[in-house]
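Enquirer: Here's a structure for you.
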Amino acid sequence: MDHWYLVSSLPHLRFGDKSPMSAEAFRAACVGWVADDELAVIDAALENCEPVLTGCAAAWWNGEVQLRDAIVRVRAKNRGTDASRFIQPHDGFSVTIEKMVTDAFTRPDPLEQEMEIDRARWSLVDELAVAAPFSFTAILAFAVKVRIAERWTGMDEDEGKAKVEKLILAATTENPETGTEL
């Protein structure tokens, strides 16, 4: 089923820009225009958790799981550890996803790496929606993009530095085995 009215009423999103629509406003806009099972998929996409795996939701989630697995493999390799216990099963395989993750980890800065990984997510949902721009797949892609845009909008450099300093302070003043100060 096509969702001509809903899709045409959604604002355009560009990676790196603030979303002109919040996740809550987007979800509210979907009520009454999509079926309950589709709304559950939208909720899963906005929360970045596993949906009921049917149709486009399965395609999106399998790509997301492969992307996460690729991240695990790269990070494990960089640390000299075994990734196998963290790998999650998924259907299909995309060389493009593997390359996107590998390319992201060539960035010297962890923030740039995260940005490239989210850019990959954005690109992957764009690819899903391109064949049927007024279908539920396009609505799902919008949900994923809103989540990504809100994540980046919510980042604050000063707040991030304060959190890192707090973690470093806790790690350097507390014995992790006993919980006592060093």
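Here the working numbering runs 17 ahead of the position in the sequence shown, where the first position is 1. Glycine residues also receive a C-beta, built at the ideal position from the N, C-alpha and C atoms. Here the structure is a predicted model, which is why all the values come from computation and not from measurement.
(1) When you compare each of 34, 188 and 164 to residue 65 by their alpha carbons, which one comes out closest?
(2) Take residue 40 and list the residues in its own chain whose beta-carbon comes closer than 7 Å to its own, dropping the five residues that flank it on each side.
(3) Within the same chain, show all residues whose beta-carbon is closer than 7 Å to that of residue 124, passing over the 5 residues directly before and after it, in chain order.
(4) In three-state DSSP terms, what is residue 101?
(5) Rounded to whole angstroms, what's the CA-CA distance from residue 73 to residue 156? Just pull it up for me.
(6) Going straight from the alpha carbon of residue 141 to that of residue 80, what length do you get?
(7) Tell whether a beta-carbon distance below 8 Å holds between residue 69 and residue 57.
(8) Grab me the residues of residue 117's own chain with a C-beta within less than 6 Å of its C-beta, minus the 5 sequence neighbours each way, in chain order.
(9) Once you ignore the five residues that flank residue 27 on each side, which residues in its own chain have a CB closer than 6 Å to its CB?
(10) Whose C-beta lies closer than 6 Å to the C-beta of residue 90 among residues of the same chain, with five residues either side of it excluded?
(11) Residue range of the alpha helix (DSSP H) that residue 56 falls in?
(12) Just to confirm the assignment, what range does the alpha helix (DSSP H) spanning residue 132 have?
(13) In the DSSP output, what is residue 19 paired with across the bridge?
Expert: By the coordinates alone:
(1) Within the sequence shown, the letter at position 48 stands for residue 65. Selected option, being the one with the closest Cα: 164.
(2) Locating residue 40 in the sequence shown gives position 23, where the first residue counts as 1. Cβ within range, chain order: 63, 163, 164 and 167.
(3) Position 107 of the sequence shown, counted from the first residue, corresponds to residue 124. Closer than 7 Å at Cβ, skipping near neighbours: 130 and 133.
(4) Indexing the sequence shown from 1 puts residue 101 at position 84. DSSP places residue 101 in helix when its eight states are reduced to three.
(5) Translated into positions along the sequence shown, residue 73 becomes position 56. Translated into positions along the sequence shown, residue 156 becomes position 139. One C-alpha to the other measures close to 10 Å.
(6) One-based indexing of the sequence shown puts residue 141 at position 124. One-based indexing of the sequence shown puts residue 80 at position 63. Computed Cα separation, rounded: 8 Å.
(7) If you number the sequence shown from 1, residue 69 lands on position 52. If you number the sequence shown from 1, residue 57 lands on position 40. Yes, Cβ-Cβ distance for residue 69 and residue 57 is below 8 Å.
(8) In the sequence shown, residue 117 corresponds to position 100, counting from 1. Hits under 6 Å: 137.
(9) Here residue 27 refers to the residue found at position 10 of the sequence shown. Closer than 6 Å at Cβ, skipping near neighbours: 159.
(10) By one-based count along the sequence shown, residue 90 stands at place 73. In chain order, 100 place their CB closer than 6 Å to the CB of residue 90, counting only its own chain and leaving out the 5 sequence neighbours on each side.
(11) Translated into the one-based positions of the sequence shown, residue 56 becomes position 39. Residues 53–64.
(12) Residue mapping note: residue 132 aligns to position 115 of the sequence shown, counting from 1. Unbroken alpha helix (DSSP H) run through residue 132: 127–147.
(13) Position 2 of the sequence shown, counting from 1, holds the residue named residue 19. In DSSP, residue 19 forms a bridge with 152.
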